[in-house]
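*Asks:*
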Amino acid sequence: MAVSGGPDSLAMLLLAHGSMPRTFEAATVDHGLRPEAAAEAAHVAQICAEMGVPHQIFRVNVAAGNVQDEARNARYAALAAWATDRNLAAIATAHHAEDQAETMVMRLNRGSGLSGLTGIRQQTIVPGSHIPLLRPLLGWRRQELAEVVEGAGIAPVHDPSNLDMRFDRVKMRQHLARAEWIDPLALAASARHLADAEDALAWAVTQEWGRCVRQEGATWRYSPAAPRAIRLRVVTQILEQMGGNPRGSAVARLVDALESGEGGPLAGALARVDNQDWVFVPEPGRTQR
Ligand SMILES: Nc1ncnc2c1ncn2[C@@H]1O[C@H](COP(=O)(O)OP(=O)(O)OP(=O)(O)O)[C@@H](O)[C@H]1O
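Residue numbers 1068 to 1356, in this note's numbering, belong to the letters of the sequence shown in order.
(1) Could you give the C-beta distance for R1209 and T1160, rounded to a whole number, given that I count them as a contact under 8 Å?
(2) In whole angstroms, what separates the C-alpha of P1102 from that of A1144?
(3) At a threshold of 6 Å, does T1160 count as lining ligand 1 (C-beta to nearest heavy atom)?
(4) Where does R1233 land, buried or exposed, given buried means 16+ other C-beta within 10 angstroms?
(5) So is W1270 buried or exposed if we call it buried at 16+ other beta carbons inside 10 Å?
(6) Going by DSSP in three states, L1333 sits in which element: helix, strand or coil?
(7) With DSSP as the reference, please indicate the residues paired to A1338 in a beta bridge.
(8) Evaluate L1020 with the Cβ neighbour count: other Cβ atoms within 10 Å of its Cβ, from every protein chain shown; 16 or more gives buried, anything less gives exposed.
(9) If you draw a straight line from the alpha carbon of A1336 to that of A1292, how long is it in whole angstroms?
(10) Can you determine whether any heavy atom of ligand 1 sits closer than 6 Å to the C-beta of A1130, and answer yes or no?
(11) In or out: R1298 buried (at least 16 other Cβ within 10 Å) or exposed?
(12) Just to check my reading of the structure: A1258 and Q1167 have Cβ atoms closer than 8 Å, yes? What is that Cβ distance to the nearest angstrom?
(13) Taking the C-alpha atoms as reference points, what is the distance between D1263 and M1087?
(14) Write down the C-beta distance between A1207 and A1246 rounded to the nearest angstrom, noting that I regard them as a contact closer than 8 Å.
(15) Go through its chain and collect everything with a Cβ distance to R1240's Cβ below 6 Å, but skip five positions before and after it.
(16) Report the three-state DSSP secondary structure of V1096 (helix, strand or coil).
(17) Quick one, which of N1342, W1345, P1332, V1318 has its alpha-carbon nearest G1352's?
(18) Pop quiz: M1171 and G1195 are said to be a contact at Cβ under 8 Å. What is the actual Cβ separation, rounded to whole angstroms?
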């Protein structure tokens, strides 16, 4: 499990130790971004040693750019390598109901589609790997987790970036903390319903793909039969197969054009309508991956 030393992940450590001792290991990633981080990682190592939980510290380099994104990428890469090395079945992180609520409201506020509104998934894959990623605490409130740690008499570390109002998530956290009428567990329940709908859609896409998509050399032919949400995903998948990486809004515009009998270029492909079919060929001068 991924234990930063904050109250959430220390609670996960304590809860797991109480219910399934000796079946898990812990790791802490030091992003090298704060001078105190090494001591915080050592603090987690000591707690784990007292509990008899195997623990490792990974120091990673964070690339320039969006520091939070880069830190997350480096962290997940280190955790995935650790899981492979130690032959671990999965990685668990301590995301809880408030994390889910913040994610949901931020994405609603950005006009996210279904996929984004599934929020933090209870079970997914560590990005860029095949390692399962579990979030067992989405049904827990932040305060409940803090009480678990306090009850054990352990001092958690507090990352000052969690109070840095330059980050959208921190602002959202503070807004939601004041909005007592918002029930994070209800938002988390909605995220689960949407995740079910997302899984159903993914299944429907494989059906549509199997029945309605054909590859003829470098040309892809799609005879759309399913509703728009599925068409959008099938077209995205075709463009990806052709080596592109299109934005969702651009795919939506292309699908609108194809539905009205027109076509156009997108992500290295040219799309046009041929009878009832949508045909995709590589744009002249572009080589396929
Ligand atoms: N430095 C770290 N070392 C180990 N695990 C960590 C570290 N930082 C975060 N985690 C794990 O990730 C969980 C989520 O942390 P946080 O909310 O800070 O991440 P985030 O940057 O928002 O990333 P995410 O995209 O995973 O939500 C923590 O509860 C913990 O399990």
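Built from N, CA and C at the ideal position, the CB exists for glycine as well.
From a predicted model like this one, the values you see are computed outputs, not experimental measurements.
*Replies:* The answer reads as follows:
(1) Residue 1209 sits at position 142 when you count from the first residue of the sequence shown. Residue 1160 sits at position 93 when you count from the first residue of the sequence shown. The Cβ separation is near 14 Å, so there is no contact.
(2) As a working mapping, residue 1102 is identified with position 35 in the sequence shown. As a working mapping, residue 1144 is identified with position 77 in the sequence shown. Taking the straight line from one Cα to the other gives about 22 Å.
(3) Here residue 1160 refers to the residue found at position 93 when the sequence shown is read from its first residue. Yes, ligand 1 has a heavy atom inside 6 Å of this Cβ.
(4) The sequence position of residue 1233 within the sequence shown is 166, counting from 1. Counting Cβ neighbours within 10 Å, R1233 comes out exposed, since fewer than 16 surround it.
(5) One-based indexing of the sequence shown puts residue 1270 at position 203. Exposed, since its Cβ has fewer than 16 Cβ neighbours within 10 Å.
(6) To locate residue 1333, count along the sequence shown from 1; it is residue 266. Looking at L1333 - three-state DSSP - the assignment turns out to be strand.
(7) Here residue 1338 refers to the residue found at position 271 when the sequence shown is read from its first residue. Beta-bridge pairing links A1338 to G1331, F1347.
(8) Residue coverage of the chain in this structure runs from 1068 to 1356, which leaves residue 1020 outside it and unanswerable.
(9) Counting from 1 along the sequence shown, the entry for residue 1336 is found at position 269. Counting from 1 along the sequence shown, the entry for residue 1292 is found at position 225. Between A1336 and A1292, the C-alpha separation is close to 22 Å.
(10) Against the sequence shown, residue 1130 aligns to sequence position 63. Every heavy atom of ligand 1 is 6 Å or more from the Cβ of A1130, so no.
(11) Counted from its first residue, the sequence shown places residue 1298 at position 231. That one is buried.
(12) What you label residue 1258 is simply residue 191 of the sequence shown in a count that begins at 1. What you label residue 1167 is simply residue 100 of the sequence shown in a count that begins at 1. About 6 Å; that satisfies the 8 Å criterion.
(13) Position 196 of the sequence shown, counted from the start, is the residue given in the question as residue 1263. Position 20 of the sequence shown, counted from the start, is the residue given in the question as residue 1087. Approximately 28 Å, taken between the alpha carbons.
(14) The count along the sequence shown starts at 1 and reaches residue 1207 at position 140. The count along the sequence shown starts at 1 and reaches residue 1246 at position 179. According to the sequence provided, residue 1207 is Trp. The question's Ala does not apply to it. Wrong, their Cβ atoms sit about 19 Å apart, outside the cutoff.
(15) For the purposes of this step, residue 1240 is taken as residue 173 along the sequence shown, with counting starting at 1. Contacts found: E1169.
(16) As a working mapping, residue 1096 is identified with position 29 in the sequence shown. Strand, per DSSP.
(17) The residue labelled residue 1352 in the question sits at position 285 within the sequence shown. Of the listed residues, the one whose Cα sits closest to G1352 is P1332.
(18) Walking along the sequence shown from the start, residue 1171 turns up at place 104. Walking along the sequence shown from the start, residue 1195 turns up at place 128. In fact, because the Cβ distance is near 25 Å, the residues do not count as touching under 8 Å.
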